[in-house]
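Here is the structure we will look at.
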Amino acid sequence: NGEFRLVRESVIERNDLLRTAPHVVKPLRTVVPIFSLTSGIWQAPLKMINHGKGRRTERGALLIGIGLIIYETFSRANAVMSRFTFVGRRRARQQFPSLRRNVKYVASYYDASVHEPERLALDLIADARATGNASVVTYAAATAARDGGVEITDMLTGETQLVRASVVINASGPLTDITNSALGRSTDFMGGTKGSHIVVDHPQLYAELAGRELFFENSDGRIVLIYPVKNRVLIGTTDIFVDANEPAVCTDAEIDYFFDLVKHILPGISLERSQIVFHFSGIRPLPKQGDALPGFVSRDYRIDESTLANHEDVPLISVVGGKWTTFRALGAHVSGIVVNLLHRARTVDTRGYHIGGGKNFPVDDAARELWIENHRGSVPVTRAEQLFKRYGTRADVVLAELNAQGDDALVSLPDFSAQELRFIIRT
46 NGEFRLVRES
56 VIERNDLLRT
66 APHVVKPLRT
76 VVPIFSLTSG
86 IWQAPLKMIN
96 HGKGRRTERG
106 ALLIGIGLII
116 YETFSRANAV
126 MSRFTFVGRR
136 RARQQFPSLR
146 RNVKYVASYY
156 DASVHEPERL
166 ALDLIADARA
176 TGNASVVTYA
186 AATAARDGGV
196 EITDMLTGET
206 QLVRASVVIN
216 ASGPLTDITN
226 SALGRSTDFM
236 GGTKGSHIVV
246 DHPQLYAELA
256 GRELFFENSD
266 GRIVLIYPVK
276 NRVLIGTTDI
286 FVDANEPAVC
296 TDAEIDYFFD
306 LVKHILPGIS
316 LERSQIVFHF
326 SGIRPLPKQG
336 DALPGFVSRD
346 YRIDESTLAN
356 HEDVPLISVV
366 GGKWTTFRAL
376 GAHVSGIVVN
386 LLHRARTVDT
396 RGYHIGGGKN
406 FPVDDAAREL
416 WIENHRGSVP
426 VTRAEQLFKR
436 YGTRADVVLA
446 ELNAQGDDAL
456 VSLPDFSAQE
466 LRFIIRT
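111 is the number that this note's numbering gives to position 66 of the sequence shown; each next residue is one higher, with no gaps.
Below is the structure:
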């Protein structure tokens, strides 16, 4: 889409996360099947100008190669992974026996994956609380602006609390307009799209991926993906305009679409609905952008500044857009605005800040084995390794508790114990 600023920021932040949160952010080899050499090379500039309108054209090897060169150029300053490669039809078939026979090239490069983004969010919350300057309230909503503050309602009990602040930040993602309305400000910032996925239990497909992501152009021109998650396979995604007031659910039509995209790229793989383990949907917090097609709506963010309704002395900052990869850079941008409003100086730079279980993370296998041996106590090595993989260096707290309280595996979920669940609930 020509969003070079965002791509540059994304690859820099991704590389930073591989260093600062290595317990949850992992390198992911990504494979792009390509069907032609020159397709799309002349149409690409025009498509950026007219937001994707007009006849669809596939992206050929030359266009994808140019994109990967730009991609790697942006990340060169803090690169942590190998460079991209291209192979021809014969080697592509060796790597993926079920691949469509008219695939001419395969490009491979390294991206990163976060299998458990919720764990990253919890680590960030725990780090914020540890500063002593942050409070976390769950199952709550901002329901009104009054008396120079924001009314917070407990959605479980109905109890309300008035919170006064020098600056209010609305970072409620796709619900930004809804939150602003509750605060007395009518805005029309958001034009979110639904992204659905399915997770399937399919040993043949899982084995063919061999730890790699397939990232490709489907028959309708959308960029889609197939990639391994633990012992299952994630297939996605759709891009459909939705109303944020309505629940986002994965429909039968979307499931059919996912089955078709697998058949399109891997005709030797057969899927059945009985193999679906999970399906889920979320809403991307995209800005409203006229009549642009969903795939051409900007993925970049912007910041809007206004004030609380009836309280012109209280700034209200609305975050429009944003995504996981660039959360730190976006947070730094917003906090920069806040310190200026408060006439304060920034005292902390979050670049390079190690998150949660990424703090003091062992740098190699030998260091990891030593860390586990020094912290496991009477917990078996395999169980300690499992906890380290799950929590990073925060596993030291879990291991200490299991040594003190026991570690009784759950019958229905033997990879977890009652004691570990208590830790999860408490923290």
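Where is the CB? At the ideal position from N, CA and C, for every residue including glycine.
Here asparagine 60 carries a helix assignment [DSSP, helix/strand/coil]. Linking valine 364 to glycine 133 through their CA atoms gives a straight-line distance of about 44 Å. In this structure, threonine 238 sits near arginine 329, with a CB-CB distance shorter than 9 Å.
Inter-residue distance for glutamate 103 and valine 384 is about 46 Å (C-alpha atoms, whole angstroms).
Remark: C-beta atoms of phenylalanine 303 and isoleucine 223 do not approach each other more closely than 9 Å. A Cβ-Cβ distance of about 25 Å is found for the pair alanine 171 and leucine 73, leaving them out of contact under the 8 Å criterion. Between isoleucine 280 and isoleucine 271 the beta-carbon gap is near 5 Å, inside 8 Å, which marks them as a contact. Under DSSP, aspartate 156 shares a beta bridge with Leu73. With contacts defined by Cβ atoms closer than 9 Å, proline 360 and valine 208 do not form a contacting pair. For aspartate 199, there is no enclosing alpha helix (DSSP H); the residue is found in the beta strand (DSSP E) stretching over 194-199. Around the beta carbon of histidine 388, a 10 Å sphere encloses fewer than 16 other beta carbons of the protein chains shown; the residue is thus reported as exposed.
Cβ atoms of glycine 110 and phenylalanine 80 stay farther apart than 8 Å, at about 14 Å. Proline 248 sits in a helix when the DSSP states are folded into three classes. Inter-segment contact for the segment 306-316 and the segment 257-268 is present: three or more beta-carbon pairs are separated by less than 8 Å. Restricted to the segment 179-234, the alpha helix (DSSP H) segments that are unbroken, complete and at least 4 residues in length are 221-227, listed in chain order. Residue burial is scored here from C-beta neighbours: alanine 137 has at least 16 other C-beta atoms within 10 angstroms and is therefore classed as buried. Counting the other CB atoms within 10 Å of its CB gives methionine 235 a total of 16 or more, which places it among the buried residues. Annotation: the continuous alpha helix (DSSP H) that includes phenylalanine 119 extends over 106-120. Contact annotation: serine 143 and proline 339 have beta-carbon atoms that are not nearer than 9 Å. DSSP places arginine 277 inside the beta strand (DSSP E), whose first and last residues are 277-281. In this structure, leucine 259 and isoleucine 321 do not form a Cβ contact; the two beta carbons are roughly 18 Å apart against a cut-off of 8 Å. The beta-carbon distance between valine 56 and phenylalanine 119, rounded to whole angstroms, is 5 Å. This is short enough to meet the 8 Å contact definition. Contact check for alanine 173 against valine 182 fails: the beta carbons are separated by 9 Å or more.
Inter-segment contact for the segment 401-409 and the segment 418-427 is absent: fewer than three beta-carbon pairs are separated by less than 8 Å. Counting along the chain, proline 273 sits inside the beta strand (DSSP E) bounded by residues 268-274. Taking C-beta separations shorter than 7 Å and ignoring five residues to either side along the sequence, the partners of alanine 179 in its chain run Ala173, following chain order. In the DSSP assignment, the residues bridged to lysine 239 are Ile285 and Ile328. With respect to the C-alpha of valine 342, the residue from Phe323, Thr371 and Gly366 having the closest C-alpha is Gly366.
By DSSP's assignment, valine 364 forms a beta bridge with Ile348. Glycine 381: member of the alpha helix (DSSP H) spanning 372-386, first to last residue. Arginine 50 has its alpha-carbon roughly 27 Å from the corresponding atom of leucine 82. Arginine 467 has its alpha-carbon roughly 37 Å from the corresponding atom of glutamate 299. In this structure, the alpha-carbon of glycine 381 lies about 30 Å from that of arginine 439. For phenylalanine 303, the uninterrupted alpha helix (DSSP H) run begins and ends at 297-310, by DSSP. Of all alpha-carbon atoms in Asp452, Gln464, Tyr436 and Thr232, the one lying nearest the alpha-carbon of glutamate 161 is that of Tyr436.
Per DSSP, phenylalanine 433 lies in no beta strand (DSSP E) segment; the continuous alpha helix (DSSP H) that holds it begins and ends at 426-436.
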